[in-house]
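Enquirer: If you're matching them up, the sequences are chains Y and S in order.
Going by our numbering, the letters in the first sequence line up with residues 9 to 361, in that order.
Going by our numbering, the letters in the second sequence line up with residues 86 to 244, in that order.
Take this structure, written in structure tokens, and hold onto it; I'll ask about it next.
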Amino acid sequence: MMRGIHQNFDQQQAPAFFARGPSPLARLTFFTALSLALMATDSRLQYLADVREKLMTLLHPLQVIANAPSRLYESTDEYFSTHHYLLAENARLKKQALTQDIALQRLDILNLENANLRNLLQAKQSLTETSILAEIIHVGRDSFTKKIIVNRGRNHHVITGAAAVDAKGVIGQVTRTYPSSSEITLITDKSLAIPVQIERNGLRAIAFGHGRDNTLDLPYLPANVDIKRGDRLVTSGIDGVYPAGLAVATVIEMKTTQDSPFAHIICTPTGGIENDRQLLLVSIPEIKQETATKPLATEKSKLPAAKTATPAAITAPAVATSTKPAQSQKPVIAEQPAPTPSANVENRPHAQQ
Amino acid sequence: MRNNKLRSIYLSLFAAFICILFPWSGIAMTLRPDFMLLVILFWLLRAPNQCSVGTAWFMGLWVDLATGGIFGQYALAYTITTFFAVIYQRRLVLFSSTQQLVYVFSLLFLSQLILLILKAFAGHEFLGWSYFLPSVTGVLLWQIAVIFGLNTGRHSHGS
């Protein structure tokens with residue numbers, strides 16, 4: 009075998025020996041400079057975004073080809089799935105649909121009530137989100153970043169900044185859109201932060217991704233903060249990116265150490281970041297106009313606000329509208345101060361009597 | 086002959102790119118060898134006239150595009166790696182097959198090291214030693230290919 013290699017190399021190399029073009033060192037210098045320039049341009053300036061987009065459209069057919077075997081396997085696997093399994097799944101789905109129907113009925117009533125209350129308070133109507141169903145084409149190939157590519161893009165009206173949500177919670181945010189696909193950065197990525205609220209007491213915080221494993225951090229919270237194991241984090245909706253009240257994560261560990269003034273809090277995402285295939289891209293439309301114009305005068309459609317979102321949203325409005333007395337200690341939500349003056353007015357006549 | 090070889094170079098590079106585009110996930114993702122670099126190294130050793138540092142740089146750009154990272158990262162890593170492959174290419178004729186394996190492994194390791202340094206500049210953390218597993222699987226793939234007769238010369242004469 010080895011002799012074969014040697015002979016072969018000798019044959020090929022003999023004529024190549026003299027005509028080799030520029031020296032390897034010259035090529036190295038040239039191409040290194042070129043790639044360094046490219047890296048600088050791409051990371052600091054925005055010139056290459058268009059080029060990347062065009063090349064991605066070129067790449068899309070190849071993507072489809074590369075995905076074809078696994079697609080084929082999946083579809084045949086589905087086709088040959090057992091009768092028993094399908095029956096079990098059908099039963100489970102029926103049960104799930106039933107519970108969700110009940111929850112939805114309650115949601116309708118709550119939405120009506122909420123709209124009426126907001127009318128009474130003359131508060132701004134909550135925005136209606138639009139949602140697009142997308143399917144994950146592939147998980148990112150770069151092991152340093154947590155990104156996924158989905159099969160919906162600008163042609164399907166996906167916009168950069170839309171929130172990606174699955175049945176159980178938020179999983180990320182659209183960071184790049186291409187004509188027929190888009191890139192989603194997961195909440196576990198190091199570069200993504202998401203404003204959250206503790207569901208139990210309404211405390212606001214910002215959750216940061218870790219990059220390495222599937223956990224989120226809640227940094228910069230004091231050691232005496234009121235957070236317990238098992239607390240659920242939901243989106244606060246303050247950023248104008250994520251609709252308020254979507255489940256984000258559950259606290260799994262809360263540690264305080266002597267040497268640090270901050271608590272060490274670790275959470276796991278509720279959404280099936282690693283295992284789901286379908287997800288919803290939820291975007292809040294016209295957010296800029298909404299905040300720029302008079303906030304009171306807007307009359308948006310009232311009812312179907314949270315309906316377009318996921319079932320996770322059902323549990324969520326509890327935070328925004330909660331009227332627990334314990335909450336009055338902290339100014340959690342803008343509407344909160346309103347009850348206190350009226351309470352004082354009520355109290356005064358009593359005192360005079 | 087020359088055209089045939091050129092065609093097989095392009096075809097194999099294309100196939101390697103498709104391999105990168107596969108929807109890898111889970112453990113396969115951490116074990117996945119760098120197909121593109123393996124193919125480039127193979128052609129660098131076999132046909133240094135048609136495939137050189139420039140080819141590696143160009144293919145690196147495509148890999149950059151596929152990974153969605155900053156343009157030029159893979160391109161730079163491939164450029165430097167192939168430079169070392171090219172300057173030792175003639176000496177390789179005298180290498181035994183184990184020496185050749187060590188040589189290929191160090192090249193794969195080098196490219197990952199360069200990528201790691203570039204990522205560290207971008208603010209990413211080290212992912213643990215499992216990050217270097219693709220170099221090991223890459224070398225295994227190389228050895229399997231050699232066992233199946235890839236380097237014996239039959240391949241290039243046939244196609």
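The C-beta atom is built at its ideal place from N, Cα and C for all residues, glycine as well.
1) With Asp174/Y as the anchor, note down where its beta strand (DSSP E) starts and where it stops.
2) Among the candidates His165/Y, Ile292/Y, Ser190/Y, Thr193/Y, whose CA atom is the shortest distance from the CA of Gly245/Y?
3) Where are the beta strand (DSSP E) runs, 3 residues long or more, that stay fully inside the segment 96-125 of chain S, in chain order?
4) Interface residues of chain Y around Pro118/S at Cβ under 9 Å?
5) Between the Cα of Phe169/S and the Cα atoms of Leu130/S, Gly111/S, Gln135/S, which residue gives the shortest distance?
6) For chain Y, is any of its Cβ atoms less than 8 Å away from the one on Met144/S?
7) Keeping to the same chain, check which residues put their C-beta closer than 7 Å to that of Cys104/S; ignore five residues upstream and five downstream.
8) With DSSP run on the structure shown, which of helix, strand or coil describes Gln174/S?
9) Give a yes or no on whether the C-beta atoms belonging to Gly217/Y and Thr183/Y are separated by under 8 Å.
10) Taking the straight line between their C-alpha atoms, what separation do you get for Leu177/S and Asn88/S?
11) Show which residues of chain Y have a CB atom less than 8 Å away from the CB atom of Phe217/S.
12) For Leu67/Y, count neighbouring C-beta atoms within 10 Å of its own C-beta (all shown protein chains included) and say buried if the count is 16 or more, exposed if not.
13) What residues in the segment 239-261 of chain Y bring their beta carbon closer than 7 Å to a beta carbon of chain S?
14) Please name the residue, chosen from Phe152/Y, Leu141/Y, Glu121/Y, that lies closest to Leu212/S on a Cα-to-Cα basis.
15) The beta strand (DSSP E) with Lys155/Y in it runs from where to where?
16) Please state if the CB of Ile199/S and the CB of Leu146/S are separated by a distance shorter than 8 Å.
17) From Ser78/Y to Val158/Y, what distance separates their C-alpha atoms?
18) Kindly indicate which residue of Arg92/S, Leu126/S, Tyr95/S, Leu96/S has the alpha-carbon position closest to the one of Leu226/S.
19) Hey, Glu191/Y and Gly157/S: beta-carbon distance below 8 Å or not?
20) Checking the sheet assignment: what are the DSSP bridge partners for Thr138/Y?
21) Mind checking if Met121/S is an interface residue toward chain Y, Cβ cutoff 8 Å exclusive?
22) Would you say Leu224/Y faces chain S, with C-beta separation under 8 Å as the test?
23) Please list, in chain order, the residues of the segment 150-164 of chain Y that have any C-beta partner in chain S closer than 9 Å.
24) If you count every other CB in all the chains shown that lies within 10 Å of the CB of Trp208/S, and 16 or more means buried, which is it?
25) Can you tell which of Arg149/Y, Ile73/Y, Gly29/Y, Leu129/Y has its C-alpha closest to the C-alpha of Asp56/S?
26) Is any beta-carbon of chain Y found at less than 8 Å from that of Phe250/S?
27) Along the beta strand (DSSP E) that carries Pro203/Y, what are the first and last residues, could you check?
28) If you count every other CB in all the chains shown that lies within 10 Å of the CB of Phe206/S, and 16 or more means buried, which is it?
29) By the criterion of Cβ-Cβ separation under 7 Å, what are the contact partners of Gln158/S in chain Y?
30) Which chain Y residues are close to Ile165/S, counting only those with a beta carbon under 8 Å from its beta carbon?
31) From the beta carbon of Ala22/Y, is the nearest beta carbon of chain S less than 8 Å away?
32) Could you list which residues in chain Y have their beta carbon closer than 8 Å to that of Leu150/S, in chain order?
33) Who are the neighbours of Leu212/S on chain Y, taking C-beta pairs under 9 Å?
34) Using beta carbons (cut-off 8 Å, strictly below), is Asp174/Y in contact with chain S?
35) With distances taken from CA atoms, which of Gly253/Y, Asn222/Y, Ile274/Y, Leu287/Y is nearest Gly111/S?
36) Start and end of the beta strand (DSSP E) containing Thr183/Y?
Expert: Let me spell this out:
1) 171-174
2) Ile292/Y
3) none
4) Residues of chain Y passing the Cβ test: none, with the nearest at roughly 13 Å.
5) Leu130/S
6) no
7) Phe120
8) coil
9) no
10) 25 Å
11) Correct list: empty, because the minimum Cβ distance to chain Y is about 11 Å.
12) buried
13) none
14) Phe152/Y
15) 155-158
16) no
17) 15 Å
18) Leu126/S
19) no
20) Ser291/Y
21) no
22) no
23) Asp150, Ser151, Phe152, Thr153, Lys155, Ile157
24) One point to set straight first is that residue 208/S is Gly, not Trp, in the sequence displayed. With fewer than 16 other Cβ atoms within 10 Å, it is exposed.
25) This structure leaves residue 56/S out entirely; chain S is present only between 86 and 244.
26) Chain S is shown from 86 up to 244; residue 250/S falls before or after that span and cannot be answered.
27) 201-206
28) exposed
29) Met47
30) Leu36, Thr40
31) Note that Ala22/Y scores 46 on pLDDT, short of 50, meaning its location in the model is unreliable; the coordinates nonetheless yield the value given after this. For Ala22/Y, the answer is no, since every Cβ of chain S falls outside 8 Å of its Cβ.
32) Arg60, Leu63, Met64, Leu67
33) Ser151, Phe152, Gly219, Arg220
34) no
35) Asn222/Y
36) 177-185
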